[in-house]
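Numbering (our numbering), first residue to last: 178 to 939.
Below is one structure, written out as structure tokens; the observations come after it.
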Ligand code: PEP
Ligand code: MG
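The following block contains the structure:
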């Protein structure tokens, strides 16, 4: 095999070269090859970095220094990181390598060219693992010696604490994570910014461009409020122009580095881009998107009327990109005081308010950080107000996680000690993506809820998939945001949140002759969701709240005390015994069907035997439902229902949906809310996959729609696996729809491509 050289020029690089040049380098090379105006550049390859590690003899020492590291131990992590970084910085770069870098630099221009030196980790910018902001970039570097130092600093940044932590958490093997360095002519941009080639949430063909004066860092880091332009790819027209007040710009600082300066006079409010420039940028964006096959997040820059494309990578989410970078600038000085599971993305700072009893939830104010042992449905009003949520207990599928994601509020769950370590009044910053709590307020870009459609509003999704991509909803106020994703329907509406938010148990309504209130609340809440999804299926799940969730409400005193509520009186088993409770739910469904909402389907939770489905259907019939002409299905949350799926089908279910949150817990005997066993909670455990695979096959045989609405459906890797195994639909969280749709589309295309190739080969 040909040895990869230390230096590769952009023109020699293709996207397959990621192992040598990293995501950034490969993407630039690929873009140059399709004719996009990329500034000239060369890449110091990952192999060069390896040679450096080996020849200087530091490779083994570095890995040994953090082989047994517990990344959760902050002090140890910081120590290991700074040790590894300093080994890289102090090592003497081999003379041959130095020489090659110097020669390449000279070849760029006879005079010392000003360059940007960017890290390009070989696992960076991949669709499934955006490492954006984890490794460093050095701008405005001039001269050989500054360049050599900058290259070495990029290499060292591979061993930053945050980068090591992130890789460990994502399961990357550190021995095989490499780093390349892109050395690129620095465009002294007069104006610059970013562009989403399609709407980042809904996937609509709307190109969204943000631009400001000076270098693009000002926009990327959130230092400035940029102008916003929306270009409609269908009509090929500029649809919207929002000119902002641009107070500062980032410019080159002499020969080294950059500085932030004030934008003076009328320039502050002057529109940055002309229509012609927008047209051209959108065209380049389209070329990149068509070439890569998925929407791109592009950095651009303009100088003297010439457009340059600096970077392109698949869109993750708006919030993540800005927030990750905004945080990274401050990360050196920030102190992590607590860690947990990142349950709802986004970053927010605020004043801690510890809630030990729901009765104290009234003291929570707008913008506070709510800290509690575990949230309950009766805390939802307080959860609506706060900037972020932190809990001691729980995992990715606990109540706090589900509701926070839907509210678009950053959340960290399962910290074990938040209510002890944090103090009311203390100011902290919560990173809901990484699961970290920092001391004090860390400046970051304005919080952008990942779930909030930014611009353009509702509309059809640009990516059409054969597998339906639906959305989960728990609170009616999220319905419009959910619909704006362009989802193909609602694969799960959890109605317990409609009722529990009223702070009275269903039993209370019945005992106090308030049945009509109960039916009306349910009817009105479900109707809001149905109205947001006209003509699309909406599967409403009958009540499924464990008894402990009812405890704090009026009527909660009559709930039984159960040793293990997760295995107790919940779901369909309770409704079949508390028939009045079931009757009232059915009454609300009947009214909606009567009003013409024939897209309403009903799903029964926690079924373990086909007899339960038969009994529920018989009860509905007794309550006056024309059961043969409505859509009734089940959740597969208990291994028995996965195993007996054929019998269920024979009993007439119209669909089945995997509730993996529970299916995982009941298959592996891992309490989904118990942070002590959270790392053993594995949706991709072979036994879980085995159950899912078999049930899908049987559903396919009988032509019964088979779906997923558990949290695992919001994981792109799982979505790919499910599509490969023949699932008919996937219902994901609002914030995950765009990436799930991309994962589904990509997998479907691959399946078609492979089938075509196999045909050709025959
Ligand atoms: C599930 O169990 O996967 C599910 C979607 O239901 P819940 O999370 O409400 O138990
Ligand atoms: Mg469940």
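Every residue gets a Cβ at the ideal spot worked out from N, C-alpha and C, and that includes glycine.
CA-CA distance, residue 279 to residue 288, rounds to 12 Å. Under the DSSP assignment, residue 476 falls outside any alpha helix (DSSP H), being part of the beta strand (DSSP E) whose first and last residues are 473-480. Of the residues assessed, residue 782 falls on the buried side of the cut-off, its CB having 16 or more other CB atoms within 10 angstroms. Relative to the non-hydrogen atoms of the ligand MG, the Cβ of residue 708 never comes closer than 8 Å to any of them. Residue state for residue 226 is assigned as helix, using DSSP reduced to three classes.
When secondary structure is reduced to three states using DSSP, residue 287 falls in the coil class, being assigned neither helix nor strand. If you look at residue 777, you'll find it in the beta strand (DSSP E) that goes 777-781. With fewer than three CB-CB distances shorter than 8 Å, the stretch 429-448 does not count as touching the stretch 511-527. A Cβ-Cβ separation of about 5 Å places residue 299 in contact with residue 223 under the 8 Å criterion. Between the ligand PEP and the CB of residue 776, the shortest heavy atom gap is not smaller than 8 Å.
Counting the other Cβ atoms within 10 Å of the Cβ of residue 526 gives 16 or more, which makes it buried.
Residue 613 holds the alpha-carbon nearest to the alpha-carbon of residue 599 among 586, 252, 613.
Residue 897 has its Cβ no nearer than 8 Å to any heavy atom of the ligand PEP.
In this structure, residue 813 and residue 833 form a Cβ contact; the two beta carbons are roughly 5 Å apart against a cut-off of 8 Å. Residue 839 has its Cβ nearer than 8 Å to a heavy atom of the ligand MG. Taking the Cβ of residue 649 as the reference point, at least one heavy atom of the ligand PEP falls within a distance shorter than 8 Å. Straight through space, the alpha carbons of residue 323 and residue 359 are spaced by roughly 15 Å.
For residue 571, the distance from the CB to the nearest heavy atom of the ligand MG is not below 8 Å. In this structure, 785 is the residue among 829, 785, 330, 320 with its C-alpha nearest to the C-alpha of residue 819. Taking non-hydrogen atoms of the ligand MG into account, the C-beta of residue 782 is found less than 8 Å away from one of them. Taking a contact as a CB-CB distance under 8 Å, the pair residue 753 and residue 718 does not count as one, their CB atoms being some 15 Å apart. Between the ligand MG and the CB of residue 673, the shortest heavy atom gap is not smaller than 8 Å.
When distances are taken from the beta-carbon of residue 721 to the heavy atoms of the ligand PEP, the shortest one is below 8 Å.
With contact defined as three or more Cβ pairs closer than 8 Å, the stretch 556-571 and the stretch 535-546 are in contact.
Distance from the C-beta of residue 836 to the nearest heavy atom of the ligand MG is below 8 Å. Here DSSP, grouped into helix, strand and coil, assigns residue 354 to coil. Between the ligand PEP and the CB of residue 812, the shortest heavy atom gap is smaller than 8 Å. Residue 314 is bridged by DSSP to 295. Three or more Cβ pairs drawn from the stretch 229-241 and the stretch 251-270 lie within less than 8 Å of each other, which places the two stretches in contact.
Residue ranges of uninterrupted beta strand (DSSP E) with 3 or more members, entirely inside the stretch 776-849 and ordered along the chain, are 777-781, 808-813, 832-835.
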